[in-house]
Every structure is written in structure tokens, then in C-alpha cells.
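At position 411 of the sequence shown (counting the first as 1) the number is 411 in UniProt numbering, and the numbers step up by one without a gap.
Here is the structure we will look at, set down as C-alpha cells.
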Amino acid sequence: MNVDLTSYRIRRERELSSLYATARSLTALGELDAVLDSIVHQAHELIGTDFTYLSLLGTDGELTLKASEGTISSAFNHARVPSGTGVGGLVIATGAPAWVSNYLEAGDVPHDRTFDGLVIPEGMVALLGVPLLVGEEVIGVLFAADRTERPFEPDEVALFSAFADHAAIALNNARLYDESRAAFRTIERQVAMMERAQAVHESLTRVVLTGGGADDIARLLVDHLRGAVTVFDRAGAVTARCSLDPETGNTAQRPSPDAVEQARQSGRWATTTDSTGLWHSAAAIQAGDTHLGALLLTRRQEPSPVDTRTLERAAQIMGLLILKETAVAEAEERVSGELLTELLVSAPPVTPAQRARAHARGIDLTALNVIVVAQSETRTVPEVSRRLYALSAEWKGLAGEHLGRAALLATASDPARLAETVHGRLRRELGSPVRVVAEAVTGHHWGPAFDIAGKCCDLMRILGVTDQGATTESYAMFALLFDTERATDLHRFLDNALEPLLTHDTRRSTQLVATLSAYFGNAGNVTRTAASLHVHVNTLLKRLDRVDNILGKGWRDPDRALQLQVALRLHDLRAQLGQ
Numbered sequence: 001m002n003v004d005l006t007s008y009r010i011r012r013e014r015e016l017s018s019l020y021a022t023a024r025s026l027t028a029l030g031e032l033d034a035v036l037d038s039i040v041h042q043a044h045e046l047i048g049t050d051f052t053y054l055s056l057l058g059t060d061g062e063l064t065l066k067a068s069e070g071t072i073s074s075a076f077n078h079a080r081v082p083s084g085t086g087v088g089g090l091v092i093a094t095g096a097p098a099w100v101s102n103y104l105e106a107g108d109v110p111h112d113r114t115f116d117g118l119v120i121p122e123g124m125v126a127l128l129g130v131p132l133l134v135g136e137e138v139i140g141v142l143f144a145a146d147r148t149e150r151p152f153e154p155d156e157v158a159l160f161s162a163f164a165d166h167a168a169i170a171l172n173n174a175r176l177y178d179e180s181r182a183a184f185r186t187i188e189r190q191v192a193m194m195e196r197a198q199a200v201h202e203s204l205t206r207v208v209l210t211g212g213g214a215d216d217i218a219r220l221l222v223d224h225l226r227g228a229v230t231v232f233d234r235a236g237a238v239t240a241r242c243s244l245d246p247e248t249g250n251t252a253q254r255p256s257p258d259a260v261e262q263a264r265q266s267g268r269w270a271t272t273t274d275s276t277g278l279w280h281s282a283a284a285i286q287a288g289d290t291h292l293g294a295l296l297l298t299r300r301q302e303p304s305p306v307d308t309r310t311l312e313r314a315a316q317i318m319g320l321l322i323l324k325e326t327a328v329a330e331a332e333e334r335v336s337g338e339l340l341t342e343l344l345v346s347a348p349p350v351t352p353a354q355r356a357r358a359h360a361r362g363i364d365l366t367a368l369n370v371i372v373v374a375q376s377e378t379r380t381v382p383e384v385s386r387r388l389y390a391l392s393a394e395w396k397g398l399a400g401e402h403l404g405r406a407a408l409l410a411t412a413s414d415p416a417r418l419a420e421t422v423h424g425r426l427r428r429e430l431g432s433p434v435r436v437v438a439e440a441v442t443g444h445h446w447g448p449a450f451d452i453a454g455k456c457c458d459l460m461r462i463l464g465v466t467d468q469g470a471t472t473e474s475y476a477m478f479a480l481l482f483d484t485e486r487a488t489d490l491h492r493f494l495d496n497a498l499e500p501l502l503t504h505d506t507r508r509s510t511q512l513v514a515t516l517s518a519y520f521g522n523a524g525n526v527t528r529t530a531a532s533l534h535v536h537v538n539t540l541l542k543r544l545d546r547v548d549n550i551l552g553k554g555w556r557d558p559d560r561a562l563q564l565q566v567a568l569r570l571h572d573l574r575a576q577l578g579q
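The following block contains the structure:
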């Protein structure tokens, strides 16, 4: 009897020693996979069964085998069992150990057909399961199995349970360790991304401070974000584009995707994908409530929140750049307009101060030989002036607003071609009809040339011309109306042709001049003329007889009739021009 007690004591000491040694080895491990493998290995060594395995309880309510030692079937190592079935289900339900001496024949254990199908090739018969507890929560089950039928002794169950308690602690620590490492890696990535975003922001700010433009911003974004970057102005036109990937760059050259319009409407950013799998991320360029354009990032990878934030920051920087460029342009326009006004109102010769100011802008005043006046029915004078200013450098000239008109003083060898070119450019950029008139300048008499071009522009409006680029020579037959130097000739011509009729109308309150205009306008047809004047034919005939008495019956002769028609037309236009 003493021998049995001694043997039992020695065996228990050996088991406890092994248990403590195993527990110490588990606490030294860190990563979850290593802990799982070590648990089943140590359990196999400790309990001495044919094989051991460990299953964890998932959020889907299933026990999934995570590690094993001594198994022979590869299919068994992928076992998944509903938590309400098998020995594991009993352990989870009670939070206490459970065992069966013959699993397949155990009638008091809920069976799962799929798992039972894995038991046969593995040869599992006797099975012991003990809970892995974290506090009062069962996170999994540790199993010991034999391929022969047998019971599990209370000492075995107690030893295996004690081991499972240590294993659960180690397993929970490993989980926390993995979560901590994952969190640390996430923080590292976030810090790296924040540092990168900060570096991009500093680089973008440097672009503005060093006088860079949209091309520099697009290139900088591509260096950091990859893909292709496109910059759109407020009208949706592309102002800059950069790409390191030819395929992505070609796709980005197509019409702007929905993301740009969505960003414009929201005033922030938007992301879309297309049928080719490309991601389009757009950020609106805003200044208060004013839309200035958009930045578009096109690439194959979905943008991260940091990428999106970087694009938004770039849009803000781009907004500052546009405002800066606008302020500089407005200042230059003001200077250009001021010098233009001085030249148009001052008499020759040019002063040294004016010549010096023009020279500082790279302009030779002696070469400015054409004045252009532009007018639009749908656009304001300042809008047209700004467009002319943008074109002025091309013709080494000055542009601005003078006396309510948009004007360009240019250097050109062919005024007609200049008028047509400026008209085409303004028509495209303004997106609306525009009248453009060019007048050649003699000497430095820019002021008189401006007056002639302006009056010709008004004449075009009266004649119903809304969209044309021409010189004043195209309207030579009306030159008397807008050539101020020939105003005396105009008065003399009208007096000679119409003065008797005008005097009669004034004194007698008649309408002979209007009657004669209608008569010629209807090609001498009496019926149509009467209808247009809303008078009876007899009334018209009486008026024509009175014209015969005043002008003589020869006024219907071809040469005299032509002179009268021209005089009547000039008289009517002069009245509309307010001369």
C-alpha cells in the first residue's frame, strides 16, 4: 500500500512539474499561431493520448480547428463543427469538461453528420474536451483523443483542465499581443502617411511661393500618388496633365468623368470608378462660393483617406495659386489699361515716360499700328477686356477698357487677318457671339482710330451684325457715319439730298422722309408701301405728288434715286447712332 502511495505521489509530482514547465513555456511565446501550435504540442506530451487538437469559437457560432498534434487525416485538420453539437457543444454549453469513451456510439451527444464523416478516417474513438476560459467566457475547446475505446480518469481530466486554464491565458495574451502589434503597425502606417501628406503639403506650398504653376502641382502629385493627375479650369477645360502610366494617362485624357462634376456640385471631393476598373478621384478648387476648377486623380488603386486628403490640400493650394495669378493678372491688366487709355486720349508725340513704361513691358510703341474694338451682347465689357488682355502679348500690344469699350492696341501687318483671328479666339473662349472691328492707325493717332472702330462697331449692331470680325473698310459705304474727320462731308451730303424734305416735314408736320424710305424699301411698289405705312393708296399717291413738287419729278431717275436711297439710309442710321 505504501508502495502504491509513493508511486502515485511521484507520478503526481512529475505531472505537476510538467504542467508548470509547460505553463512557463507558453508564457514565453508571443504570436498567436506559435502559441496555438505549442498548446497542442505540450498538451499531447502532457496527456499522452494519440492526438490532441484545439478549436476556437468564431463569431459565426462554429468551432473551427486551429491546431493539432498527432492527427493523420488532412481533412480532419479543417474540421468545422456547430457549437451546439458534439463534445465541444457540451463543453461550451456547461463551461465544464466533457468526455465520451466512444464518440460515434455516444447517444447523449448531439452529432453533426459532417464532423462524424471526418471521425472515421481519423480513427477517433475516445474524446475528452476541456474549456478554454477567459474570465467566464468560453473562447474555445482543447481536445484529447484516443483511437481506442477507454474512459478518462478524473486525474487526467483535472490535469488537462489545469493545463487548459494556462493555455487560455497564454492564448488570450497572444491575441492581445497580435492586436497590439497590428495596432502598432496601423499607427506606424498612419504616422508614415501623415508624414508623407505633410511633406506633400510643404512641397505644394513651396510651389506657390517659388512661382510654380498648375503643371508643377500635377507633377508633384503624380510623384507622390502615382497614376495620372489632370487640372481643370472653371469652364472644364484642361489646363495641366501629368502621368507616369501611359495607359492611365490616355484614359485621363478622355472627357472628364462624373467625379469632376460631383466634386463641382458638392464643392468638396468625389470618387467614382469606370468600366475599365480605374478609380477617378476629384477635388473641387474653390474660393469661398466661387468654383475655380478641379483636380482629378486617375489610377488603378482605390485612394486611401490620406490620398483623398492630400488631393483636397492640393486643391486648396491650387485655389491659392489661381487667386495669386488672378491678382497678378488683374494688376497687369490695370497697368496695361491705364497706359492704353493714356495713349488713346493724348495727342502725339509719345512722351518719354510712356515710352519707358511700354519698354518695361516689352512693347515698342512705334510699332503699334492697329486698334481693335470688341463688343458682345451677352458678355460684360470687363470680361471681354480680360480676354483681350490675355491675347495682347501675342501681338506685343496693350489691352484694356476705354470709354466703356474693350480695346486692343496691337502690332500687325494685316488688320483684316487680325480682326478675324481675334474674333475666332474670343468667340471660342467667351462661348458667345462677339463683334470685332479693326482699324489701321496712321502715325500715333490711336485716339481717332479708336473712335472710328468704336462707331463702326455700333453701326454693325444697328445693322443686325452680332458675330463678325472685320475691318472698318468692310463698311466703307457707311464710313461717313463713323469717321469723325468727315462729319462735315456727311452733313453736306445729307443737306443736299434731303434738306427740302426735312424742312417740309418740320414745318408742315408731314412724313415725306419716312414715306420715301418706305417707298424705296418696297422697291417702288405702291400697294406694299401703303400697307407698310398703314395708309390708303390714295394718301400715298398724294404724298408722292408732294415729293414731286419739292424735289422735281426727276427724283425717280436711277442716279438720283440711288443718291436718295443712300442719303435716307445714312439719315436713319445717324439717328440710331445718336449723331
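Heads up, the beta-carbon is just placed ideally off N, CA and C, and yes, glycines get one too.
Everything numeric in this text was worked out from a predicted model, so none of it was measured.
Between the C-alpha atoms of D548 and T515, what's the straight-line distance to the nearest angstrom? 13 Å
Would the segment 435–447 and the segment 459–476 be scored as touching if the rule is three or more Cβ pairs under 8 Å? yes
S392 versus R185 - alpha carbon distance: 58 Å
T271 - DSSP class collapsed to helix/strand/coil: strand
Any idea which residues DSSP pairs C242 with across the strands? V229
Could you check if S266 is buried or exposed, using at least 16 other CB atoms within 10 Å of its CB as the buried criterion? exposed
Any idea if K324 is buried or exposed, counting beta-carbon neighbours within 10 angstroms, 16 or more meaning buried? exposed
Buried or exposed by the 16-neighbour rule on C-beta atoms within 10 Å, applied to P303: buried
Spatial neighbours of L343 in its chain, beta-carbon cut-off 6 Å, leaving aside the 5 residues before and after: W446
Out of A145, D458, V119, L398, which one is the CA nearest neighbour of A98? A145
Quick check: the segment 47–54 against the segment 127–147, are at least 3 beta-carbon pairs closer than 8 Å? yes
By how many angstroms is the C-alpha of T539 removed from the C-alpha of A530? 8 Å
Continuous beta strand (DSSP E) stretch holding S55: start and end: 51–57
Look up R560 in the DSSP assignment and say whether it is helix, strand or coil. helix
Taking contact to mean at least 3 C-beta pairs separated by less than 8 Å, is the segment 32–41 in contact with the segment 166–177? yes
Using alpha carbons as the reference points, say which of A575, C242, S161 lies closest to L459. A575
Identify the residues that DSSP records as bridge partners of V130: which are they? L142
Is it a yes or a no for the segment 280–296 touching the segment 228–238, going by three-plus beta-carbon pairs under 8 Å? yes
Length of the line joining the Cα atoms of R206 and L36: 53 Å
Which word fits D451, buried or exposed, when buried means at least 16 other C-beta atoms lie within 10 angstroms of its C-beta? buried
Among I462, S376, L403, I317, which residue has its Cα nearest to the Cα of L426? S376
State the start and end residues of the unbroken alpha helix (DSSP H) segment that holds G447. 446–462
Could you check what DSSP says for H280 in three-state terms: helix, strand or coil? strand
Among E261, A412, A170, nearest to L365 - alpha-carbon criterion: A412
V260 versus E429 - alpha carbon distance: 21 Å
If you follow the alpha helix (DSSP H) that V526 is in, where does it begin and where does it stop? 526–533
Can you name the residues that DSSP bridges to H78? Looking at the DSSP assignment, H78 forms no beta bridge with any residue, so it has no partner.
Quick check on the DSSP output: the alpha helix (DSSP H) that includes S385 runs from which residue to which? 381–392
CB-CB length for L221 against I139, believed under 8 Å: Not a contact, Cβ separation roughly 47 Å.
By DSSP, does V40 sit in helix, in strand, or in coil? helix
For the beta strand (DSSP E) containing I120, list its first residue and its last residue. Run containing I120: none in the beta strand (DSSP E); it sits in the alpha helix (DSSP H), 113–122.
Once you ignore the five residues that flank C242 on each side, which residues in its own chain have a CB closer than 6 Å to its CB? A218, R219, V222, V229
Under the three-state reduction of DSSP, which class applies to I72: helix, strand or coil? coil
Within 10 angstroms of the Cβ of N369, are there 16 or more other Cβ atoms? Answer buried if so, exposed if not. buried
Using beta-carbon positions only, say whether T506 and R543 come within less than 9 Å of one another. no
Classify H166 as buried or exposed, calling it buried when 16 or more other Cβ atoms lie within 10 Å of its own Cβ. buried
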